[in-house]
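Structure record follows, encoded as structure tokens.
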Amino acid sequence: MPFLEFKNVEYSYVGGDDELIQALKSVSFSVERGEFVALVGCNGSGKSTLARLCNGLITPDSGEVLVDGVSTTSKSATFDIRKKIGIVFQNPDNQMVTTIVEDDVAFGPENLGLPRDEIRARVDWALSSVGMSEHAGSGPFRLSGGQKQRVAIAGVLAIKPELMILDEATGMLDPNGRREVLEIVKKLNRDENMAVIMITHFMEEAAAADRIIVLDKGSIAADGGKELFTTPEVFEQAGLDLPLYVRLAQRLNNIGLDVGCPLTADEFADAVAKAVKGGEGKK
Amino acid sequence: MRDVSMGQYYPASSVVHRADPRFKLVILILYLVTVFFCDSFFSFGFMTFFVLVTIFLSRVPILKVLKSLRFVIVILLFTTLLMMIFYSDTSGAAPLAEWGIFHIYLNGIYSAIKLGWRLMLLVLMPTVLTLTSTPTELCDGLESLLSPLKLLHIPVHVFALIMSIALSLIPSLIEETDKIINAQRSRGAAFESRNPFKKIKAMIPVLIPLFVSSFRRADELADAMDSRCYRGAKGRTRMKKLKAKLSDFVALLFWCAITVCILFLNYNWCGWAFITALGI
Numbered sequence: 087m088p089f090l091e092f093k094n095v096e097y098s099y100v101g102g103d104d105e106l107i108q109a110l111k112s113v114s115f116s117v118e119r120g121e122f123v124a125l126v127g128c129n130g131s132g133k134s135t136l137a138r139l140c141n142g143l144i145t146p147d148s149g150e151v152l153v154d155g156v157s158t159t160s161k162s163a164t165f166d167i168r169k170k171i172g173i174v175f176q177n178p179d180n181q182m183v184t185t186i187v188e189d190d191v192a193f194g195p196e197n198l199g200l201p202r203d204e205i206r207a208r209v210d211w212a213l214s215s216v217g218m219s220e221h222a223g224s225g226p227f228r229l230s231g232g233q234k235q236r237v238a239i240a241g242v243l244a245i246k247p248e249l250m251i252l253d254e255a256t257g258m259l260d261p262n263g264r265r266e267v268l269e270i271v272k273k274l275n276r277d278e279n280m281a282v283i284m285i286t287h288f289m290e291e292a293a294a295a296d297r298i299i300v301l302d303k304g305s306i307a308a309d310g311g312k313e314l315f316t317t318p319e320v321f322e323q324a325g326l327d328l329p330l331y332v333r334l335a336q337r338l339n340n341i342g343l344d345v346g347c348p349l350t351a352d353e354f355a356d357a358v359a360k361a362v363k364g365g366e367g368k369k
Numbered sequence: 216m217r218d219v220s221m222g223q224y225y226p227a228s229s230v231v232h233r234a235d236p237r238f239k240l241v242i243l244i245l246y247l248v249t250v251f252f253c254d255s256f257f258s259f260g261f262m263t264f265f266v267l268v269t270i271f272l273s274r275v276p277i278l279k280v281l282k283s284l285r286f287v288i289v290i291l292l293f294t295t296l297l298m299m300i301f302y303s304d305t306s307g308a309a310p311l312a313e314w315g316i317f318h319i320y321l322n323g324i325y326s327a328i329k330l331g332w333r334l335m336l337l338v339l340m341p342t343v344l345t346l347t348s349t350p351t352e353l354c355d356g357l358e359s360l361l362s363p364l365k366l367l368h369i370p371v372h373v374f375a376l377i378m379s380i381a382l383s384l385i386p387s388l389i390e391e392t393d394k395i396i397n398a399q400r401s402r403g404a405a406f407e408s409r410n411p412f413k414k415i416k417a418m419i420p421v422l423i424p425l426f427v428s429s430f431r432r433a434d435e436l437a438d439a440m441d442s443r444c445y446r447g448a449k450g451r452t453r454m455k456k457l458k459a460k461l462s463d464f465v466a467l468l469f470w471c472a473i474t475v476c477i478l479f480l481n482y483n484w485c486g487w488a489f490i491t492a493l494g495i
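Protein chains in written order, with this note's numbering: chain Y, 87 to 369; chain B, 216 to 495.
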């Protein structure tokens, strides 16, 4: 049984001009424990709707969302589902409940009704996992955007969910903040075997995931591993840019230097070095 | 920009800062009631002495305390002056001076000074409280003190949470207001106009977007709280629990003793002669 499963999910809502917007059209996919999935799509593709469907903040018009085989429509299961699936939202300022970092991180475990020592232990663990231990006693006001978002991640982490969804959690951060958050998410996925769904339109972030789901106008346009980047048409149709290094590599490939499909700066450098050396060797 | 959500908190390490906020609140209430029982100059002096001791123990510079009260002091002096010149003596004593409708009596001066002194005492201690405790501490203290009301089905937890969220949202709302004002100004809004009507009118296009964005924020926060398993006070535990220390009980007992002293000075139940000698 998959951990999270969407079965022909449809969802629509009334938009600003009183017109019915169909956000999701017959979406089906599943996510296993420990997976690192990037969900990409441009604005209005239904990404955020999909995130909010996962933990029962909204329920599908038709179809089913199953978490560990339990439907999110059942009111009695909502609490258990939210223990298993945590969401980090876009704006860190709108996720803070208190004026002190550690109190905010404690909010989740407090809601779970854990004993005091356990809450303390989880807060300390969560803050050190995101590298924010030294700011435990300070007010979020003095923190940078990236630091605030790390606190928000710690707040979700302290609940110890099996799946963390980041709903454009890096959207309001500068490049440094984005890098910080991405590193932490990768580490959590690797060390804690926590499944991650990273919703983003930064393709460099998507390239870090093991699996990429492309959402286009409410339906899944593509779903696959990193090999998806070799078929740029999928992304272009969904209104997305390819990652910088993939685009660079494409151009090099076009002029006859075979560098394959590197995703990061290091991979790109290696591929170019190899291709150039190989070329020289032939001469 | 300074951290508004910290109120006028003056960070320092002192016994007053470390004291349990619940005890501080109880002592404050006890103190305020006691001040109303002060009647003679001696009892005012007595209270003032202990207020000064508290300020000294809190390690907040006395100038800092007075500075945060500067507007109150102006109003206070004005009230005292009015009291002095409009006092009407019924004991038949001759006025010390008079100009038209203004009369100055000796008793008038006494009453005016007592009024001013009493008001000063009434505002001093609350100021010391807010200088030595963070809003969060006060919020927790209040929640704990009001928790018996839960028996009457009053949602104390909800009120405390509302206060806490309000405090944490203040900085971002101020930031937002700044942004909106700058956006409107860059499109020619007349915030600098001297005409008060124009000024008020210019605020409307600031308040409306601020309202809209507050609602959006509230929505997002509600989603974030729901996602973090919030379901009201049901089954909720707390990481931090206020712990009363021995020193807190000692302080409370001490202030109780002061109250008793003031009551004795005021009512003189045992008819001690020295109290009569002290009292004007």
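All C-beta atoms, glycine included, are put in the ideal place defined by N, C-alpha and C.
Is the beta carbon of methionine 250/Y less than 9 Å from the beta carbon of valine 209/Y?
-> No, Cβ-Cβ distance for methionine 250/Y and valine 209/Y is not below 9 Å.
Beta carbon proximity, lysine 133/Y to chain B, threshold 9 Å = For lysine 133/Y, the nearest beta carbon of chain B is not closer than 9 Å to its own beta carbon.
By DSSP, does tyrosine 225/B sit in helix, in strand, or in coil?
-> The answer is coil: DSSP assigns tyrosine 225/B none of H, G, I, E or B.
Looking at the C-beta of threonine 184/Y, does it have a partner C-beta in chain B at a distance below 9 Å?
-> Yes, its Cβ sits closer than 9 Å to a Cβ of chain B.
Report yes if the CB atom of proline 247/Y is closer than 9 Å to the CB atom of glycine 142/Y, and no otherwise.
-> Cβ atoms of proline 247/Y and glycine 142/Y: not closer than 9 Å.
Mind listing the chain B neighbours of alanine 192/Y? Cutoff is C-beta to C-beta under 9 Å, in chain order.
-> What alanine 192/Y touches in chain B: Arg453, Met454, Lys455.
Quick one, which residues of the stretch 367 to 399 of chain B are near chain Y if we go by CB-CB under 7 Å, in chain order?
-> Result list: Ser379, Ile380, Leu382, Ser383, Pro386, Ser387.
Assigned secondary structure, isoleucine 186/Y (DSSP; H/G/I helix, E/B strand, else coil) = Three-state DSSP puts isoleucine 186/Y in coil, outside helix and strand.
Quick one: what's got a C-beta closer than 8 Å to tyrosine 498/B's C-beta in the same chain, skipping five residues either side?
-> Only positions 216 to 495 of chain B appear in this structure, which leaves residue 498/B out of reach.
Mark phenylalanine 271/B as exposed unless 16 or more other C-beta atoms lie within 10 angstroms of its C-beta, in which case mark it buried.
-> Counting the other CB atoms within 10 Å of its CB gives phenylalanine 271/B a total below 16, which places it among the exposed residues.
Reduced DSSP secondary structure (H/G/I, E/B, other) of cysteine 476/B | Looking at cysteine 476/B - three-state DSSP - the assignment turns out to be helix.
By Cβ distance, which residues of its chain are closer than 8 Å to valine 242/Y, with the 5 residues on each side in sequence left out?
-> Within the same chain, Cβ atoms closer than 8 Å to the Cβ of valine 242/Y are found at Gly172, Ile173, Val174, Gly194, Met250, the five residues on either side in sequence being excluded.
Measuring only between beta-carbons, confirm whether glutamine 181/Y sits less than 9 Å from chain B.
-> By this cut-off, glutamine 181/Y is an interface position.
Presumed contact (8 Å Cβ cut-off) between glutamate 291/Y and threonine 256/Y, rounded CB distance | Between glutamate 291/Y and threonine 256/Y a beta carbon distance of about 7 Å is seen, short of the 8 Å cut, so the two are scored as contacting.
According to DSSP, which residues form a beta bridge with threonine 286/Y?
-> Partner(s): Val126/Y.
Report the three-state DSSP secondary structure of glutamine 336/Y (helix, strand or coil).
-> In this structure, DSSP gives glutamine 336/Y a helical state, which the three-state scheme calls helix.
Would histidine 368/B be called buried (16 or more neighbouring beta carbons within 10 Å of its own) or exposed?
-> The residue is exposed, with fewer than 16 neighbouring Cβ atoms inside 10 Å.
Neighbour-count burial assignment, glycine 231/Y, 16 or more Cβ in a 10 Å radius = Buried, since its Cβ has 16 or more Cβ neighbours within 10 Å.
Per DSSP, cross-strand counterpart(s) of lysine 93/Y | Lysine 93/Y is bridged to Glu150/Y.
Just tell me which of Arg274/B, Leu292/B, Arg237/B, Ile415/B has its CA closest to the CA of alanine 227/B.
-> Nearest of Arg274/B, Leu292/B, Arg237/B, Ile415/B to alanine 227/B, Cα basis: Arg274/B.
In whole angstroms, what separates the C-alpha of serine 183/Y from that of glutamate 96/Y?
-> The sequence shown places valine at residue 183/Y, not serine. Their backbone Cα atoms lie some 32 Å apart in a straight line.
So leucine 457/B packs on serine 359/B, CB below 8 Å; how close in whole Å?
-> At roughly 6 Å, the Cβ-Cβ gap stays under 8 Å, so leucine 457/B and serine 359/B are in contact.
Once you ignore the five residues that flank glycine 367/Y on each side, which residues in its own chain have a CB closer than 6 Å to its CB?
-> Because glycine 367/Y sits at a pLDDT of 46, beneath the cut-off of 50, its placement in the model cannot be relied upon, and the following sentence gives the value as read from the coordinates. Cβ contact annotation for glycine 367/Y (same chain, cutoff 6 Å, sequence separation greater than five): none.
How big is the Cα-Cα spacing for phenylalanine 354/Y and alanine 124/Y?
-> The straight-line gap from Cα to Cα measures roughly 21 Å.
Looking at C-alpha atoms only, which residue of Phe238/B, Thr342/B, His232/B, Glu352/B is the closest neighbour of leucine 467/B?
-> Ranking the options by Cα distance to leucine 467/B, first place goes to Phe238/B.
When we look at the beta-carbon of methionine 216/B and count the other beta-carbons within 10 Å, is it buried (16 or more) or exposed?
-> Low confidence applies here, because methionine 216/B scores a pLDDT of 42, under 50, leaving its location unreliable and the question unanswered by this model.
Once you ignore the five residues that flank threonine 342/B on each side, which residues in its own chain have a CB closer than 7 Å to its CB?
-> Closer than 7 Å at the Cβ level, and outside the excluded window around threonine 342/B, lie Val280, Ser283, Leu284.
Under 7 Å (Cβ pairs) to chain Y, residues found in the stretch 429 to 449 of chain B = Listed by position, the residues of the stretch 429 to 449 of chain B near chain Y (Cβ gap below 7 Å) are Arg432, Glu435, Leu436, Asp438, Ala439, Met440, Asp441, Ser442, Arg443, Cys444, Tyr445, Arg446.
Name the chain B residues that come within less than 8 Å of proline 384/Y, Cβ to Cβ?
-> Only positions 87 to 369 of chain Y appear in the structure, and residue 384/Y is not among them; the question remains open.
How about proline 350/B: is its C-beta nearer than 9 Å to some C-beta of chain Y?
-> Yes, contact with chain Y.
Contacts around alanine 459/B, its chain only, beta-carbon distance under 8 Å, and the 5 residues preceding and following it disregarded | Close CB contacts of alanine 459/B within its chain, under the 8 Å cut and outside five residues either way in sequence, are with Asp235, Arg237, Phe238 (chain order).
Any idea which residues DSSP pairs valine 174/Y with across the strands?
-> For valine 174/Y, which the question treats as bridged, DSSP gives the partners Leu252/Y.
Hey, quick one: how far does the beta strand (DSSP E) through histidine 318/B stretch, first residue to last?
-> For histidine 318/B, the uninterrupted beta strand (DSSP E) run begins and ends at 317 to 319, by DSSP.
Spatial neighbours of serine 114/Y within its chain, please: CB distance less than 6 Å, with the 5 preceding and 5 following residues excluded, ordered by chain position.
-> Non-local C-beta neighbours of serine 114/Y in its own chain, meaning closer than 6 Å and more than five positions away in sequence, comprise Phe92, Lys93, Asn94, ordered along the chain.
Residue range of the beta strand (DSSP E) that lysine 111/Y falls in?
-> Element bounds for lysine 111/Y: 106 to 117.
Could you check the C-alpha separation between phenylalanine 265/B and lysine 329/B for me, to the nearest Å?
-> Looking at the two C-alpha atoms, the distance is approximately 17 Å.
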